[in-house]
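These notes are about the structure you will find just below.
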Amino acid sequence: MNKKVSWGVLGMGVMGLNLSRNFADQGISLALYNRFMKGSEEQVALKKIKTYPELNSALPFESLDLFVAAIESPRKILIMLPAGPIIDKIIDDIIPLLDEKDILIDGGNSHYNDTGKRFLSLAKKGIRFLGIGISGGKIGALKGPSLMVGGDRKAYHIVSKDLLKIAAKNINGKPCCGYLGSGGAGHYVKMVHNGIEYAEMQLIAEIFEICLPHADSNLESIQNLFKSWQNSSSESYLLGISSEILSYKQAGEPYINRILDQASNKGTGAWVTASGALAGSPNNLMTAALHARFTSSFQSLRKKNSIEYPSLASNNVTLPNLKKTYDICRWINHHQGFEMIQQAKDTYKWNLSLENIALIWSEGSIIKSKLMNQLKLLFPDANSVMEMSPFKKLVSKGQKEWMDVLIYSIGKGIPTPCISSAWNYFKAITQARSSAYLIQAQRDFFGSHGFNLIDQKEEGKNHGPWA
21 MNKKVSWGVL GMGVMGLNLS RNFADQGISL ALYNRFMKGS EEQVALKKIK
71 TYPELNSALP FESLDLFVAA IESPRKILIM LPAGPIIDKI IDDIIPLLDE
121 KDILIDGGNS HYNDTGKRFL SLAKKGIRFL GIGISGGKIG ALKGPSLMVG
171 GDRKAYHIVS KDLLKIAAKN INGKPCCGYL GSGGAGHYVK MVHNGIEYAE
221 MQLIAEIFEI CLPHADSNLE SIQNLFKSWQ NSSSESYLLG ISSEILSYKQ
271 AGEPYINRIL DQASNKGTGA WVTASGALAG SPNNLMTAAL HARFTSSFQS
321 LRKKNSIEYP SLASNNVTLP NLKKTYDICR WINHHQGFEM IQQAKDTYKW
371 NLSLENIALI WSEGSIIKSK LMNQLKLLFP DANSVMEMSP FKKLVSKGQK
421 EWMDVLIYSI GKGIPTPCIS SAWNYFKAIT QARSSAYLIQ AQRDFFGSHG
471 FNLIDQKEEG KNHGPWA
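When the sequence shown is numbered by the numbering used here, its final residue is 487 and no position is left out of the sequence of numbers.
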């Protein structure tokens, strides 16, 4: 009888393939499965094994029954398929083939609520379920991803030895992988990660847009600016790839100028925006970044309006002002993300450690940066990013410059949804008395909703003289 393998990977798309290669590089034996579809998906797993030498000892399958039978007990099966109904379909297909205490793992970008439901449903059948948020893209999957694990704790203890092997290692050699809580905790943290990512990308795009009127035709000045920021506390993976993107040319022209200005999204931006709204957790930078993508899709309308509503002239803005603005906005973006996680910790009773999550995100992740490493060190002594002394110092030295950048952008007619949102949030969250008392009066006037009074010691409903 043939010796059974340690793991099964189901789905040979880019992420499933590269994670399999990563497992194999660590000496972990594998069974690989991809469905059979005549004419479009035939012998996919076998072809991958023949293409990549590190997979030469892996076993290829197109039969789900034979695939499951080839894995040692308790089976560890990593599902790498797109989020949605297809996950439920494959789970339904595979359940009859499993034994009690086998482990199913969803490594896709599933919604955390769906993961929570699957966790409970499978637990009733004796199947252990994990939902893993995986960051790092195709390169991270191959070289070492950031892994955010949620679900069955006992299952994590069984698979953790291998997950820690394939995970990225931070500057201190610690694996960027951790168990975050039951149910959908891992996918929740990955969703917030993606929200931070959306805003980080948009902030860089806004800085690029502000610099554009002063740039040379080949964009080298902006590329060099981003490159210089990479040698400072502003360093990040996303800033680095943005600098590299600007270096590519075709026929002597920047390649980026050929790209249609309509940004796509895969839905996780909407999830994190909705989740923040439902929880009452401010995440307006993430929301602004998502809506900037929505607005970009109205290209013909934007072109028409640009003629009807031309921009006005304005003074120039200095590069030091830009950098201070960028840095402050990034801190606020990270603050909002970690505040969402802190609130989810209380809501869902997950044992989430902000320090541990910062560690998990510090390498292998799309949002890895010097800032993330700094937050990892600061979190044990601070409950919030805005409590941290480096942020306070940034604001004290850069608030005026931040305002100047906003004034310049308004004068030039340059939309800065994330930079503006960061300013509005910061001003609102540092305002001793907000305008909400008028909102409360309005609600009481038309709906008799009532309000609390300033000198009221206990919660109670009052009504105004208009009642």
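Think of the CB as a built atom: it goes at the ideal place given N, C-alpha and C, for glycine as much as any other residue.
Nothing here was measured: the structure is a model prediction, and the numbers come from that model.
Going by DSSP in three states, F337 sits in which element: helix, strand or coil?
Going by the sequence as given, residue 337 is Val instead of Phe. Coil.
Notebook entry, point to check: Quick one: what's got a C-beta closer than 7 Å to Y176's C-beta in the same chain, skipping five residues either side?
Noted result: L150, V169 and Y199
| field | Terminal residues of the beta strand (DSSP E) in which L79 lies | value | L79 to F81
query = Where does F358 fall in DSSP's three states?
reply = helix
Give me the Cβ distance between I380 and E217, rounded to the nearest whole Å; I'm assuming they're in contact under 8 Å. That belief does not hold up - the Cβ atoms of I380 and E217 are roughly 14 Å apart, past 8 Å.
Within 10 angstroms of its Cβ, does T71 collect 16 or more other Cβ (buried), or is it exposed? exposed
I need the straight-line Cα distance from N496 to S248, nearest angstrom please. Summary: the structure shown does not reach residue 496, with the chain confined to residues 21 through 487, and so no result is reported for it.
Next item on the list: Could you please give me the residues that DSSP links to N482 through a beta bridge?
Entry: F471
**S241, DSSP secondary structure in three states** = helix
Query raised in the report: Mind pulling the alpha helix (DSSP H) runs of 4 or more residues that sit fully within the region 393 to 478?
Result: 409 to 432, 437 to 449 and 456 to 467
**Asked** Who are the Cβ neighbours of H355 in its own chain at under 8 Å, not counting the five residues just before and after it?
**Response** S404, V405, M406 and F411
(Q) Rounding to the nearest angstrom, what Cα-Cα distance links I91 and A44 in this structure? (A) 15 Å
Checking 9 Å against the spacing of the C-beta atoms, do G36 and G156 come in under that value? no
* Assumed close pair H207, H131 - CB separation to whole angstroms, cut-off 8 Å -> 7 Å
Note to self: For I191, report the span of its alpha helix (DSSP H) as first-last.
What the structure shows: No alpha helix (DSSP H) holds I191; DSSP gives it neither H nor E.
Q8 (DSSP reduced to helix, strand or coil)
This structure gives no information on residue 8, because the portion of the chain shown stretches from 21 to 487.
Please return the same chain residues whose Cβ sits closer than 7 Å to the Cβ of I224, not counting the five positions on each side in sequence. L258, L259 and S262
- Query: By how many angstroms is the C-alpha of E478 removed from the C-alpha of G539?
  - Reply: Only positions 21 to 487 of the chain appear in this structure, which leaves residue 539 out of reach.
- Starting from R138 and walking both ways along the beta strand (DSSP E), at which residues does that stretch end? Premise fails: R138 lies in the alpha helix (DSSP H), Y132 to K144, not in any beta strand (DSSP E).
Does the Cβ of S1 have 16 or more other Cβ atoms within 10 Å, making it buried, or fewer, making it exposed?
Residue 1 is absent from the model: the chain starts at 21 and stops at 487.
P73, buried or exposed, once every other Cβ within 10 Å from all chains shown has been counted against 16:
exposed
Where does D126 sit, in a helix, a strand or coil, going by DSSP? strand
Three Cβ pairs or more, each shorter than 8 Å: is that satisfied between the region 73 to 83 and the region 47 to 54?
yes
**Prompt:** Counting Cβ pairs closer than 8 Å, one from the region 81 to 101 and one from the region 24 to 38, do we hit at least three?
**Reply:** yes
According to DSSP, L199 sits in a beta bridge with which residue or residues? Residue 199 is actually Tyr in this sequence, not Leu. Beta-bridge pairing links Y199 to V169.
For this session: Just mark E264 as buried or exposed, buried being the case when its beta carbon has 16 or more other beta carbons within 10 Å.
Result: exposed
Checklist line | At least three beta-carbon pairs within less than 8 Å, the region 435 to 443 to the region 458 to 475 | finding: no
Practice prompt. Mind checking who G153 pairs with in its DSSP beta bridge?
Written response: M168
Nearest neighbour of Y445, chosen from W351, L140, I230 and N277 [CA to CA]: W351
Check your understanding: With DSSP run on the structure shown, which of helix, strand or coil describes R148?
Key -> strand
Note to self: Between which two residues does the alpha helix (DSSP H) holding L372 run?
What the structure shows: From DSSP, L372 is part of no alpha helix (DSSP H); its letter is neither H nor E.
Margin query: Could you compute how far the alpha carbon of S373 sits from the alpha carbon of A271?
Written below: 50 Å
Determine the DSSP secondary structure at Q270, reduced to helix, strand or coil. strand
Would the beta-carbon of D301 fall within 9 Å of that of Q363? For the record, residue 301 in the displayed sequence is Ser; it is not Asp. Contact: yes.
Point to revise | Cα-Cα separation between F358 and L395, rounded to whole angstroms | key: 10 Å
So, with DSSP's three-state summary, where would you put I352? helix
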